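Per this note's numbering, residue 349 is the first one in the sequence shown, and the count goes up by one each step. Just so it is clear, CB atoms sit at the ideal spot from N, CA and C, and this is done for glycine as well. Since we're looking at a predicted model, the values are computed, not measured. Written out below as structure tokens is the structure these notes cover.
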Amino acid sequence: MNEELSSRERVRLTLEHKQTDRIPIDLGGSDVTTITSAPYERLKSLVGIQLPTKIFARRFQSVFVDAEVQQIFHCDLRPVPYRASRKAKANPSTEMGFIDEWGVSYRRPVDGLYYDIVEYPLAHAAIGDLERYDWPDPDDPDRVEGVAEEARYWFEHSQFALLGPGSSCSLFEQCWYLRGFEQFLVDLMINKEFAHALMRKVLDVRLKMYGNYLEQAGRYLDLVYVADDISMQTGPIMSPATYREMIKPYQKEYFQFIKNKSQAKLFYHCCGNVKPFLEDLIEIGIDVLNPVQVTATGMDPAELKRVYGDRLVFWGGIDTQQLLPKGSPAEVRQETRRIIDIMAQGGGYVLSAVHNIQADTAAENIVAMLNAAFEYGGWR
């Protein structure tokens, strides 16, 4: 294909596993395909962009990538995010810590970049406490204020494909943020009544949040984002049997609700070795898998492409643990080309880093990845 497509056309064809002029590139399309603040400042300095940095997700210090930077590097995606709720804006917040709208407390170490959870508000709760808990208000109008206008603006005045809301979307993870990681895993095994009740509460909030958001922005979106890390680097966090009994039914209801509200494709983020769950996730409706953590056990890109390439769009694949922070620009270019050769065959691949680009990454390596993607990413 010699004709140059718009970003929106390119992404839409890729989502249908069809031929494009080149692979789409994502830096900044969501809060898991962006960059943290420190390397972003270096990247802007390198390319001569002088704009104030806006934070996307405070906990991880990820940023909104400016459209001017995206255009320099031929990026194809733009996020349409939630706004902060009234409760989140009213909760105590300092430079070193904050409480989110779910009541989870975060604090940043003196020498740290990210904010760690320091208090799980439902750590000692019983089922009866769930009815009395101060849940987020999913109907808070502040959460969607200006969302329709922003989505319409980018749809009418740019060529970007649009992804929303790009954050605040998990079920399993939100439960353990509230309960504590170890405690919620115990709940899944021996306190199942409580685990089901908590999953139900979180899902009900999410459904109303997404319903309100999609009423505002759904008609403009190409992708809707959901995320739940149910795997770690070496394998599943829980057994597939536990997942199918305790998590999958809620995800299924969640994903089908979103698909009934929008024609957009479903973008699912899960770090680590998610391979044991892929058949289940495909069954309940995911269209896109991100971040394709190729260094995790079992996540060989060639095998993933061979087995799932006709049913999933792969989104990611460029390593952020070793390659981008520790490799040379030449090594980054070489590996970027290798991943493209594997993943772009037959379409269905969007290039981005494996999760957000981290603080120890040189701007030159980011440029090497993005330039290699653009220069080498034509249809093969």
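Those residues which DSSP pairs with residue i across a bridge
i    : result
F615 : Y573, V636
K596 : According to DSSP, which records beta bridges pairwise, K596 is partnered with nothing at all.
V661 : V636
P427 : L511
K402 : F412
S579 : P584
I447 : S453
Under the three-state DSSP convention, the category residue i falls into
i    : result
E357 : helix
A415 : helix
Y388 : helix
S720 : It is worth fixing the name first, because residue 720 is Ala in this sequence and not Ser. If DSSP states are grouped into helix, strand and coil, A720 belongs with the helices.
G726 : strand
P584 : strand
S433 : coil
T645 : coil
S393 : helix
F605 : helix
T442 : strand
R370 : strand
R456 : coil
I383 : strand
I420 : helix
V550 : helix
N621 : coil
G377 : coil
E351 : coil
E364 : coil
Y591 : helix
CB-CB length for residue i against residue j, believed under 8 Å
i    : j    : result
L399 : D414 : 5 Å
A575 : V698 : That pair is no contact at about 16 Å.
T668 : Q706 : 6 Å
M557 : P486 : 4 Å
A701 : G664 : 7 Å
V655 : A612 : In fact, because the Cβ distance is near 25 Å, the residues do not count as touching under 8 Å.
D689 : R360 : The Cβ separation is near 23 Å, so there is no contact.
T382 : N704 : 5 Å
M647 : K674 : Not a contact, Cβ separation roughly 19 Å.
A543 : D535 : 4 Å
T362 : V661 : 6 Å
E403 : E416 : Correcting the residue identity first, residue 403 is Ile in this sequence and not Glu. Actually they are not in contact, since the Cβ atoms of I403 and E416 sit about 18 Å apart, beyond 8 Å.
A509 : Q581 : That belief does not hold up - the Cβ atoms of A509 and Q581 are roughly 30 Å apart, past 8 Å.
Q604 : G633 : 6 Å
L478 : K549 : 6 Å
K366 : G695 : 6 Å
L519 : M547 : 6 Å
Y568 : A499 : 4 Å
T384 : S355 : The pair is not a contact, with the Cβ atoms about 24 Å apart (cut-off 8 Å).
M691 : P649 : 6 Å
R407 : Y481 : Between Y481 and R407 the Cβ distance is about 21 Å, and since that is not below 8 Å, they are no contact.
Is the region 555 to 565 in contact with the region 530 to 539, if contact means three or more CB pairs nearer than 8 Å? With a cut-off of 8 Å, the region 530 to 539 and the region 555 to 565 do not count as touching, because too few Cβ pairs lie within range.
Give, in chain order, every unbroken run of the beta strand (DSSP E) that is at least 3 residues long and sits entirely within the region 460 to 546. Here the runs fully enclosed are 464 to 467, 509 to 512.
Return the chain-ordered ranges of every alpha helix (DSSP H) run that is complete within the region 648 to 719 and spans a minimum of 4 residues. The qualifying runs are 649 to 656, 671 to 674, 677 to 691.
Could you check whether the region 416 to 431 touches the region 464 to 484, counting it as contact only if at least three pairs of C-beta atoms, one from each stretch, sit closer than 8 Å? Under the 8 Å Cβ criterion, the region 416 to 431 does not count as touching the region 464 to 484, having fewer than three qualifying pairs.
Does the region 368 to 375 touch the region 500 to 508, meaning 3 or more C-beta pairs lie closer than 8 Å? For the pair of segments examined, the region 500 to 508 was found not to touch the region 368 to 375: the number of CB pairs separated by less than 8 Å stays below three.
So does the region 640 to 657 actually touch the region 584 to 601, counting three or more Cβ pairs closer than 8 Å? Cβ pair count under 8 Å is below three, so no.
How do the region 616 to 627 and the region 669 to 681 stand: do at least 3 beta-carbon pairs fall below 8 Å, yes or no? No: the two stretches stay apart, fewer than three of their Cβ pairs being nearer than 8 Å.
Within 8 Å, do at least three Cβ pairs link the region 432 to 448 to the region 481 to 496? Touching, yes.
Three CB pairs or more closer than 8 Å across the region 377 to 393 and the region 445 to 460: No, because fewer than three Cβ pairs between the region 377 to 393 and the region 445 to 460 fall closer than 8 Å, the two stretches do not touch.
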